[in-house]
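What follows is one structure encoded as structure tokens, with my remarks underneath.
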């Protein structure tokens with residue numbers, strides 16, 4: 001999907017030395033929190049990722065979003081702490097005692113925060129912003145970090161950001177035209193800043 005976006009040349013980063021070849025970095029992921037953090041530690045990528053996030057643009061997708069936080073109830077490892085807040089497991093019931101399906105899987109709408117500079121129309125197609133989700137844990141951090149919300153029995157943050165780092169709980173790469181538009185906007189906004 002990234003190769004189809006103008007101004008986007010992709011490089012797979014195997015180690016921190018590869019960071020010098022990037023203007024923007026995507027930390028993707030599907031899997032468990034502890035396994036992801038242990039892999040980053042094994043490859044000695046934790047400190048380089050934190051340093052990178054202080055200088056350049058970083059996008060965490062799904063597990064990548066969780067890894068840039070302080071941690072998750074899913075495991076005992078500490079997160080990278082690039083964005084404050086933790087991830088909690090979805091409750092078994094919503095506030096009306098209605099049973100919730102966990103994991104949250106499928107298409108869902110996202111409401112972006114206008115106050116934080118995220119204009120829904122920039123990401124919308126025919127007035128709609130919807131993406132594909134697969135996850136069992138949700139962001140339960142400071143609201144000032146949240147710039148996009150969704151609802152799965154409870155309203156929760158699905159887009160978080162801090163300076164040059166953004167995390168999204170949905171999968172742009174599985175979200176067809178909506179995901180392509182999100183990635184294109186993220187790349188183009190950051191490409192203009194680095195050019």
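Numbering (UniProt numbering), first residue to last: 1 to 195. No residue lacks a Cβ here, since even glycine has one placed at the ideal position from N, Cα and C.
Using DSSP bridges, identify the partner residues of residue i.
i           : result
residue 25  : 58
residue 150 : 156
residue 108 : 131
residue 78  : 71
residue 165 : 58, 162
residue 20  : For residue 20, which the question treats as bridged, DSSP gives no partner whatsoever.
residue 139 : 87, 157
residue 93  : 99
residue 171 : 132
Assuming the contact rule is C-beta atoms closer than 8 Å, residue i and residue j should be a hit. Round their C-beta distance to whole Å, please.
i           : j           : result
residue 104 : residue 90  : 6 Å
residue 81  : residue 141 : Wrong, their Cβ atoms sit about 11 Å apart, outside the cutoff.
residue 137 : residue 73  : 7 Å
residue 167 : residue 112 : About 14 Å; that fails the 8 Å criterion.
Sorted by chain position, which residues of the same chain lie with C-beta nearer than 6 Å to residue i's C-beta, five sequence neighbours on each side aside?
i           : result
residue 75  : 33, 34
residue 150 : 108, 110, 158
residue 37  : 77
residue 195 : Confidence at residue 195 is low in this model, with a pLDDT of 49, below 50, so the placement of that residue should be treated as unreliable; the coordinate-derived value is given next. None.
residue 174 : 132
residue 152 : 104
residue 245 : There is no way to answer for residue 245, as the model of the chain reaches only from 1 to 195.
residue 155 : 149
Which same chain residues, not among the five before or five after residue i, have their C-beta less than 8 Å away from its C-beta?
i          : result
residue 44 : 15, 16
residue 40 : 46, 49, 67, 80
residue 55 : 164
By Cβ distance below 7 Å, which residues in the same chain neighbour residue i in space, the five residues on each side in sequence not counted?
i           : result
residue 135 : 62, 103, 104, 169
residue 52  : 19, 25, 58
residue 178 : 125, 129, 130, 131
I'd like to know if the segment 16–32 and the segment 53–62 are in contact, where contact means that at least 3 CB-CB pairs between them fall below 8 Å. yes
For the pair the segment 6–23 and the segment 156–165, tell me if three or more CB-CB distances fall below 8 Å. no
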